[in-house]
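**Q**
2 protein chains.
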Amino acid sequence: MYEVEVKVRADHDDVRPTLEARGADRIGTVEQVDTYYDAPHRDFADTDEALRIRREATHGEETATVVTYKGPLLEAESKTREEIETPIHSVEDVDAILSALGFEPAAEVTKRRERWRLDSYLVTLDDVAGLGEFVEVEAETAAEAAIESVREGAYDLLRSLDLDPEEQIRTSYLGLLLADDAE
Amino acid sequence: MYEVEVKVRADHDDVRPTLEARGADRIGTVEQVDTYYDAPHRDFADTDEALRIRREATHGEETATVVTYKGPLLEAESKTREEIETPIHSVEDVDAILSALGFEPAAEVTKRRERWRLDSYLVTLDDVAGLGEFVEVEAETAAEAAIESVREGAYDLLRSLDLDPEEQIRTSYLGLLLADDAE
Numbered sequence: 026m027y028e029v030e031v032k033v034r035a036d037h038d039d040v041r042p043t044l045e046a047r048g049a050d051r052i053g054t055v056e057q058v059d060t061y062y063d064a065p066h067r068d069f070a071d072t073d074e075a076l077r078i079r080r081e082a083t084h085g086e087e088t089a090t091v092v093t094y095k096g097p098l099l100e101a102e103s104k105t106r107e108e109i110e111t112p113i114h115s116v117e118d119v120d121a122i123l124s125a126l127g128f129e130p131a132a133e134v135t136k137r138r139e140r141w142r143l144d145s146y147l148v149t150l151d152d153v154a155g156l157g158e159f160v161e162v163e164a165e166t167a168a169e170a171a172i173e174s175v176r177e178g179a180y181d182l183l184r185s186l187d188l189d190p191e192e193q194i195r196t197s198y199l200g201l202l203l204a205d206d207a208e
Numbered sequence: 026m027y028e029v030e031v032k033v034r035a036d037h038d039d040v041r042p043t044l045e046a047r048g049a050d051r052i053g054t055v056e057q058v059d060t061y062y063d064a065p066h067r068d069f070a071d072t073d074e075a076l077r078i079r080r081e082a083t084h085g086e087e088t089a090t091v092v093t094y095k096g097p098l099l100e101a102e103s104k105t106r107e108e109i110e111t112p113i114h115s116v117e118d119v120d121a122i123l124s125a126l127g128f129e130p131a132a133e134v135t136k137r138r139e140r141w142r143l144d145s146y147l148v149t150l151d152d153v154a155g156l157g158e159f160v161e162v163e164a165e166t167a168a169e170a171a172i173e174s175v176r177e178g179a180y181d182l183l184r185s186l187d188l189d190p191e192e193q194i195r196t197s198y199l200g201l202l203l204a205d206d207a208e
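Here the protein sequences line up with chains B and R, keeping their order. According to the working numbering, the residues represented by the first sequence are 26 to 208, in order. According to the working numbering, the residues represented by the second sequence are 26 to 208, in order.
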């Protein structure tokens, strides 16, 4: 499965009326708090890996807690990477085990995600603490040959929301936050 | 909380009738499969730590899966160590994340544990694959000053089962298996 994602900065109040006018379905809103860990034996920034605990809540009520490992890009073009995700029961215990093994919390990404469905695309309005508002358009395709047309469709969708695909941001929220810190 | 544990080799068929005659309560039997991991950045044998996934089953039906971190001995006398244990949903996913991070399965300990309660002690009849049969007597106490008398009580209990506390084995099952491998 190939995932096509296009992300731009955008004011949500400008985008919502257009989404509604175009008949998009509002799926719902979640809050996500992601804690990224540093490893004691590798620099994840160099190896292009990530280890994260994600706490997800709806209306302040915790709904899911998962630990995720992301491997390095397997293929740059389609942005495919190994991703292993598994639910956990206790953030405190998993954090304590990681800390005992030398993994340390390095950064936190907190955001509110409002999800809409429009045609075959998922449109996500992300409000990221410390970074501001973004709109992300994504779709999956099983056929490598379809990636280009799916991406063009995502660009068209952005344009129909009065957004400019040329302003696409390829850096992750974590990357943007760490870049801010480094300035 | 201090845990007092005394373990000796013993033929279970010799011990069961005595436990019954003494009015011990048979609590139940579980099968445990423990997978111990090596770390990529430390030698756990040197640091006296352990990282383990334990799958527990009753009558072949999986009942619990937990990951456990054991820290080094904090105090030799009372054998106190930090222990962090947390339930997991998927052995495959947690194993895949550990492997991706460089932790490798190093040894497996498989045993059948038959638990009895006698007075304030837990008596466990362990049948360990590759090692044979053991009897373990344990109790917890909150008072450090009570450790000695709790230990004496455990010795008395062993003697009442016709077992000799002088034959106590202080090495873990993992340690015994690894020592066998090294021979």
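All C-beta atoms in this analysis are idealised placements derived from N, C-alpha and C, irrespective of residue type, glycine included.
Nearest to B:T166 by alpha carbon, out of B:S185, B:Y146, B:V160?
**A** Answer by Cα proximity: B:Y146.
**Q** Tell me which residue opens and which closes the beta strand (DSSP E) that B:I113 is part of.
**A** Unbroken run through B:I113: none, as it is neither H nor E.
**Q** Alpha carbons only, please: which of R:V148, R:R80, R:Q193, R:E81 is nearest the one belonging to R:R47?
**A** Ranking R:V148, R:R80, R:Q193, R:E81 by Cα distance to R:R47 puts R:V148 first.
**Q** Would R:V55 pass as an interface residue toward chain B - the criterion being a Cβ-Cβ separation below 8 Å?
**A** For R:V55, the answer is no, since every Cβ of chain B falls outside 8 Å of its Cβ.
**Q** How about the region 105–121 of chain B and the region 116–123 of chain R: do they share at least three Cβ pairs that are nearer than 8 Å?
**A** Result yes; three or more Cβ-Cβ pairs closer than 8 Å.
**Q** With 16 as the cutoff for other CB atoms within 10 Å, does B:L126 come out buried or exposed?
**A** By the 10 Å Cβ count, B:L126 comes out buried.
**Q** Buried or exposed for B:D151, going by 16 or more other Cβ atoms inside 10 Å?
**A** With 16 or more Cβ atoms within 10 Å of its Cβ, B:D151 is classed as buried.
**Q** Consult DSSP for R:L98 and reduce its assignment to one of helix, strand or coil.
**A** Here R:L98 sits in strand by DSSP.
**Q** Suppose the cutoff is 6 Å on Cβ atoms and the five residues either side in sequence are ignored; what does the same chain contact list for R:D264 look like?
**A** Because chain R is modelled from 26 through 208, residue 264 of chain R falls outside the range shown and cannot be assessed.
**Q** Could you give the C-beta distance for R:E56 and R:A82, rounded to a whole number, given that I count them as a contact under 8 Å?
**A** Yes, they are in contact, since the Cβ atoms of R:E56 and R:A82 sit about 5 Å apart, within 8 Å.
**Q** Where does R:T72 sit, in a helix, a strand or coil, going by DSSP?
**A** R:T72: helix per DSSP, three-state reduction.
**Q** Write down every uninterrupted run of the alpha helix (DSSP H) in the region 119–196 of chain B whose length is 4 residues or greater and which is fully enclosed by it, in chain order.
**A** Counting whole runs of 4 or more residues, the region 119–196 of chain B contains the alpha helix (DSSP H) stretches 172–185.
**Q** Taking B:T90 as the query, report the chain R residues whose CB atoms sit under 8 Å from its CB, ordered along the chain.
**A** Under the 8 Å cutoff, chain R gives no residues; its nearest Cβ is about 11 Å from B:T90.
**Q** Can you tell me where the alpha helix (DSSP H) with B:R41 in it begins and where it stops?
**A** Start and end: 37–46.
**Q** So that I know if they touch, is there some Cβ in chain R lying closer than 8 Å to that of B:A179?
**A** B:A179 does not count as touching chain R.
**Q** Please state whether DSSP places R:A82 in a helix, a strand or coil.
**A** Residue state, collapsed to three classes: strand.
**Q** Pick out whichever of R:D205, R:D206, R:Q193, R:R51 has its Cα sitting closest to the Cα of R:V29.
**A** For R:V29, the nearest C-alpha among the options comes from R:Q193.
**Q** Give every residue of the same chain whose Cβ lies closer than 6 Å to the Cβ of B:A89, excluding the five residues on either side of it in the sequence, and list them in chain order.
**A** Same-chain partners within the cutoff: E81.
**Q** Under a CB-based cut-off of 8 Å, is R:A64 close to chain B?
**A** Closer than 8 Å: yes.
**Q** Would you say B:I122 reaches chain R, if we count a Cβ-Cβ gap shorter than 8 Å as a contact?
**A** B:I122 counts as touching chain R.
**Q** With three or more beta-carbon pairs closer than 8 Å as the criterion, would you say the region 155–169 of chain R touches the region 29–44 of chain R?
**A** Yes, they touch.
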